[in-house]
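Reminder that position 252 of the sequence shown reads as 252 in full-length UniProt numbering, one-by-one numbering, no gaps. Idealized CB from N, CA, C, for every residue including glycine. To start, the structure itself, in structure tokens.
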Amino acid sequence: MSSAVENGASSDLTFRKSAAPTGAVVPPSPEEPTTVSKKEPPPEKASDTRRRSWVVASFWAIVIFLGLPIWWQTTSIYRANLPVEQMLEWSDGKACRPVFPLRISIDPGSLQEQEAENLLRLTQHALDDLNDFSAHHLRLQLASKEAQQDSDVALTIRLTPAESTHTATSSLHPHYPILDVSYPPNSIPTANSPSSGLATYLATQLRSTFSEEQNIISYLLETSSVHTEQQPKALSQEVADSLSKRMTRSMKYSRTYHLTFSLFTSGPAPSSWEIEAAIDEYMKPVLDMLAPIHNFTIDTQVQLYAAPGVQSQVLSKEDLSSFINAAEWPLSPSIGGAPTLNFVVYIGNQTIGTEASETSQSWLIPQWGTVYLLSPPSTPHVSTETLKQPILTFTSHLLSLLGTPQSSSLPLRLSTLNRVRSADLLLRASSSLGSLARLSLALPSISIPSRVADGVAKSMHHLELACASLGNPKGLEHARIAEAEAERAFFEKSMVGQLYFPDEHKVAVYLPLLGPVGVPLVMGLLNEFKAWRNRRRQKAKSM
């Protein structure tokens, strides 16, 4: 009975299947699983694979062998080779020791040769005992006809026997570097004398004569950034403060200065002045003595109806800073690149009041010049005699503005100025070279043009010549050239422009350009690498 039922069901199912119309889609039974076959792409030809690989490789070859060299050549920063180690040696004071060997000539006069040699020997021993500054060497020698004509002699001592004096006396010649010494006849040492009062006196006078120069050079060594092996001379606080004020007041060294002499008056008179004759008579001799150190150009002007910035008759110390009416007074600027020193004569009834209830007629303005208040003359013309005191005051202030020492005679002051300026310029040039060397090491991306390297080489060459001839005009000229070349190299415009261009700016510039180009290249290279790896796997399986 059950088999009959089964047979009937089977026949019914068969009937239904056969009854389905032709072409009709019969839904599959839930019990039967379905399999969908994925259509694979046709296999890639070997020639197409090689072509795609060559395309990717060609792009990368162009980038690596053509693009990168062009980019590197056009964007690389040129850095000339600098002798950094030698520059640092100058900055550290190892390349040169600023030593000033001053030659002192002794004219024995009526002394015998043996007596003069004994006096020279004892005086040299006394000098060596008193000398506490190694940068300043005083070397004595006996005068001769050749030595008297030698420009390298810093000072000549003329010995003259005195008739009735019990102690030696000395005086500096006002126009020549000569120290006249009168000595008692019984003060000449013998060959066996271990010491001599006259020798001690000469050593003390020499040390006193050059003490200001020693203080200035020691101050320069102490305040300079150049580290020298020499120990500066110990200076008191008072002396250091005084030298600091003088250095602040004086002008920076220049081979040429421009002097402007101006006559300002609040009315129509005076309208003329004999300034050329006054300069020739009262200032020209000093300018001629300064010729080995400085050159000067001069111009003059007269300005009528020039009102000062302060109208009070007695000027206080606070009024001096606003007396010059810079907005209306046509003060001459620097001409031809040379620093200008202004010397102003103002005609008026004004005076300068001081704390001691005294009056003054002039004042010095640091690194600028001098103003002299002159009473109105009786005539509309200012004569040479009337200008005598103003020009003498201007001459004294000019020496102060140039940094001339204040003590000793004028010839010795000028020779001291020569040596002081040589030391100052040598230290400045050495400091600039050291700063440039440290800058090049600290900023590897900064450009260094070839002219900077040329300036450094020229500066070091003249520094060597200056160090070998310190104390004479040639040494000053070499030091001036060395300082100018070092400053020009350090402040090179094309190099300074790279100081404030950090690497972050470079990334910000290149990233928007390289991103769109680099992404397709990198993705193409990765896809090609994956395809190559798959081909290797299939080849390994087939084997």
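Stretch-stretch touch, CB-based, cutoff 8 Å, three pairs: the region 119 to 138 with the region 189 to 202: They touch, by the three-pair rule.
Alpha helix (DSSP H) runs contained entirely in the region 181 to 219, provided each spans 4 or more residues: Look at the region 181 to 219 and you find these whole runs of alpha helix (DSSP H), each 4 residues long or longer: 197 to 209.
Distance between beta carbons of Arg-421 and Glu-213, contact taken as under 8 Å: In fact, because the Cβ distance is near 12 Å, the residues do not count as touching under 8 Å.
Whether Thr-404 touches Leu-417 by CB criterion (7 Å): Closer than 7 Å, so yes.
Where Trp-71 falls: helix, strand or coil (DSSP): Trp-71 sits in a helix when the DSSP states are folded into three classes.
Residue range of the beta strand (DSSP E) that includes Thr-384: If you look at Thr-384, you'll find it isn't in any beta strand (DSSP E); DSSP assigns it neither H nor E.
Three-state class that DSSP yields for Ser-242 in the structure shown: It is helical.
Proximity winner among Tyr-219, Pro-330, Lys-284, relative to Ser-262 (alpha-carbon distances): Taking only the C-alpha atoms, the option nearest Ser-262 is Pro-330.
Distance cut-off 6 Å: Tyr-201 Cβ against heavy atoms of the ligand MN: Ligands are entirely absent from the displayed structure, and the ligand MN is therefore not among its contents.
Nearest candidate by alpha-carbon position, reference Ser-407, set Glu-163, Leu-142, Ile-216, Trp-71: Comparing Cα positions, the closest option is Ile-216.
The region 59 to 76 contacting the region 442 to 461, beta-carbon criterion three pairs below 8 Å: With a cut-off of 8 Å, the region 442 to 461 and the region 59 to 76 do not count as touching, because too few Cβ pairs lie within range.
Simplified DSSP state of Asn-418, which is helix, strand or coil: Here Asn-418 sits in helix by DSSP.
Limits of the alpha helix (DSSP H) - the one that Asn-81 falls within: Careful: Asn-81 lies outside any alpha helix (DSSP H) and carries neither H nor E.
Secondary structure of residue 579, DSSP reduced to three states: As shown, the chain starts at 1 and ends at 543. That puts residue 579 outside it, with no answer to give.
CB of Leu-341 within 7 Å of CB of Gly-369, strictly: Result yes, Cβ atoms of Leu-341 and Gly-369 sit closer than 7 Å.
Buried or exposed by the 16-neighbour rule on C-beta atoms within 10 Å, applied to Pro-21: Caution applies to Pro-21, whose pLDDT of 48 falls short of 50 and renders its modelled position unreliable; the value that the coordinates give is listed next. So Pro-21 counts as exposed.
Per DSSP, the bridge partner or partners of His-175: In the DSSP output, where bridge partners are listed per residue, His-175 has none listed.
C-alpha gap between Ser-187 and Leu-159, whole angstroms: Taking the straight line from one Cα to the other gives about 12 Å.
Secondary structure of Tyr-305, DSSP reduced to three states: DSSP places Tyr-305 in coil when its eight states are reduced to three.
CA-to-CA distance, His-462 to Leu-68, given in whole angstroms: Annotation: Leu-68 to His-462 spans about 43 Å, alpha carbon to alpha carbon.
Top-ranked residue by Cα proximity to Ser-211, from Leu-235, Ala-437, Thr-190: The residue with the shortest Cα to Cα distance from Ser-211 is Leu-235.
DSSP state of Gln-141 mapped onto helix, strand, coil: Here Gln-141 sits in strand by DSSP.
7 Å Cβ cutoff met for Thr-169 and Asp-107: 7 Å or more divides the Cβ of Thr-169 from the Cβ of Asp-107.
Cross-strand partners of Asn-534 (DSSP beta bridge): Note: Asn-534 sits in no beta bridge, so no partner.
Cβ pair Thr-384, Glu-274 closer than 7 Å: Between Thr-384 and Glu-274, the C-beta gap is smaller than 7 Å, which places the two residues in contact.
Whole-Å CB distance - Arg-139 paired with Arg-103, under 8 Å assumed: Rounded, the Cβ-Cβ distance is 6 Å, consistent with contact.
Coil, strand or helix - Asn-507 by DSSP: Note that residue 507 corresponds to Val in the displayed sequence, not to Asn. Judged by DSSP in its simplified three-state form, Val-507 adopts helix.
Contact between the region 286 to 299 and the region 456 to 471 (3+ Cβ pairs under 8 Å): In short, these stretches do not touch, since the Cβ pair count stays below three.
Residue range of the unbroken beta strand (DSSP E) whose run includes Arg-255: Run containing Arg-255: none; DSSP gives neither H nor E here.
Sufficient close CB pairs (3 or more, under 8 Å) joining the region 451 to 462 to the region 78 to 93: A contact exists between the region 451 to 462 and the region 78 to 93.
Cβ shell of Val-310 (< 7 Å), same chain only, five flanking positions each side left out: Answer for Val-310: Asp-319, Ser-322, Phe-323, listed in chain order.
Coil, strand or helix - Phe-65 by DSSP: Phe-65 carries a helical assignment under DSSP once its states are collapsed to helix, strand and coil.
Val-153 in three-state terms, based on DSSP: In this structure, Val-153 counts as strand in the three-state DSSP scheme.
Residues near Gln-114 in its chain [Cβ-Cβ closer than 7 Å; skip 5 each side]: Excluding sequence neighbours, Gln-114 sits near Ala-191.
DSSP three-state assignment for Trp-54, whether helix, strand or coil: DSSP places Trp-54 in helix when its eight states are reduced to three.
Coil, strand or helix - Val-314 by DSSP: Under the three-state reduction of DSSP output, Val-314 falls in the strand class.
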